[in-house]
Amino acid sequence: MSDLVTGLVDVRFTNKDSGFAVGQGGAYPNTTTVVLFTADGGTTWQTRYTSTKTGIWSWKISFPTRDTGYVSTQGYSDSTTFLKTVDGGLTWKESTFLSRAGSKQFSAEGIGFVTPSLGWIGAYPSSSYLMDSYRTTNGGATWNIDTFGKSLNRFRMFGDTLGYAVGETVYKYTNETLAASTPAKNASPSGYELRQNYPNPFNPATTIAYELPKAAAVSLKVYDVIGREVASLVNERKAAGRYEVRFDGSKLASGIYMYRLIAGDYVEVREMVFLK
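The opening position of the sequence shown corresponds to residue 3 in this note's numbering, with each subsequent residue numbered one higher.
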């Protein structure tokens, strides 16, 4: 991998085989932002994006959905950029997030999105740099200072209703109203989709919903953090439509669990939190 990058900072897998790693290419002061992709569980990697701008490098990854993803960048320049994909990481677009503000710069660290539109970027903590957090509600088209936290370095999102961030302290995001939004019952699914479970966190039971645009052999299983199967919820052929499955975790230990949907060639994995 040394022929592709000179350093890596973050990694994010969307399923057991497909994932992204971000970091830098080249040596300072001529470093570049690099996004790598693997389709075989990390055995081989290929470059999906390299910036033309130098003096910057990739920092953190956030994928609120299978198709939409973001990468924050750090660097020493007159402007700070971020990357965005809307096609599952096939292509990436670099956009300016913030230009130099007076005598101070902004060097991004953490980035976290709970939906494709709503997200935050945090700052590198230094007296020479701005340390505010910034919020967008339109997928990064515009950003505004948010007052909830400073020096945000890492986000961990659990669907569109719960998220955590760390910086000067630990921050928590909740928005239960988002979970109440459901599609029209009479509309046919336009594609495969595995939805975030609700409620999340849960105790002892939660509901997992998924959609099929056509008939398919369906497997829906739950795994612990080290990949052991703890429950098989669906293992049969299903007609096109919307489905809900109730999962009871009362016999499990508190912690993070993954649930994976396989329907034909479609594979999607999401996380959920069980709190006793």
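Ideal Cβ positions, reconstructed from N, Cα and C, are used throughout, including at glycine.
query: Taking the straight line between their C-alpha atoms, what separation do you get for G90 and Y268?; result: 13 Å
query: Taking just the CA atoms, how far does T171 sit from T184?; result: In this predicted model, T184 has a pLDDT of only 36, less than 50, meaning its place in the structure is not dependable; the value taken from the coordinates is given anyway. Distance between the alpha carbons of T184 and T171 is about 34 Å.
query: What is the rounded straight-line gap between the Cα of G261 and the Cα of R14?; result: With the sequence shown as reference, residue 261 is identified as Tyr, and Gly is not the correct amino acid for it. In a straight line, the C-alpha of Y261 is about 16 Å away from that of R14.
query: Taking all protein chains shown into account, do 16 or more other C-beta atoms lie within 10 angstroms of the C-beta of K18, making it buried, or fewer, making it exposed?; result: exposed
query: With DSSP as the reference, please indicate the residues paired to N279 in a beta bridge.; result: A question about residue 279 goes unanswered here, because the residues of the chain that appear run from 3 up to 278.
query: Round the Cβ separation of V11 and F22 to the nearest angstrom and send it over; I've been treating them as touching at under 8 Å.; result: Not quite, the Cβ-Cβ distance comes to about 12 Å (not below 8 Å), so this is no contact.
query: According to the neighbour-count rule (16 or more other Cβ atoms, all chains shown, within 10 Å of its Cβ), is V227 buried or exposed?; result: exposed
query: Reducing DSSP to helix, strand and coil, say where Q198 ends up.; result: coil
query: Pick from G229, F249, L222 and G142: whose alpha carbon is nearest that of E238?; result: L222
query: Could you pull out every residue in the same chain whose Cβ sits closer than 6 Å to the Cβ of R156, ignoring the five residues on either side in sequence?; result: G112 and V168
query: Taking the CB atoms as reference points, tell me whether T139 and L120 lie closer together than 8 Å.; result: yes
query: What's the gap between the Cα of E96 and the Cα of S53?; result: 8 Å
query: With DSSP as the reference, please indicate the residues paired to R137 in a beta bridge.; result: W122 and N146
query: Hey, quick one: how far does the beta strand (DSSP E) through I113 stretch, first residue to last?; result: A110 to F115
query: Give the range of the beta strand (DSSP E) segment to which T83 is assigned.; result: S81 to T87
query: Identify the continuous beta strand (DSSP E) that holds Y259 and give its terminal residues.; result: G257 to A265
query: List the whole-angstrom C-beta distance separating Y175 from R197, where the pair is believed to meet the contact cut-off of C-beta under 8 Å.; result: 19 Å between Cβ atoms; not a contact.
query: Would you grab the beta carbon distance between V224 and V236 for me? Rounded to a whole angstrom, and I think it's under 8 Å.; result: At roughly 11 Å, the Cβ-Cβ gap does not stay under 8 Å, so V224 and V236 are not in contact.
query: In three-state DSSP terms, what is L38?; result: strand
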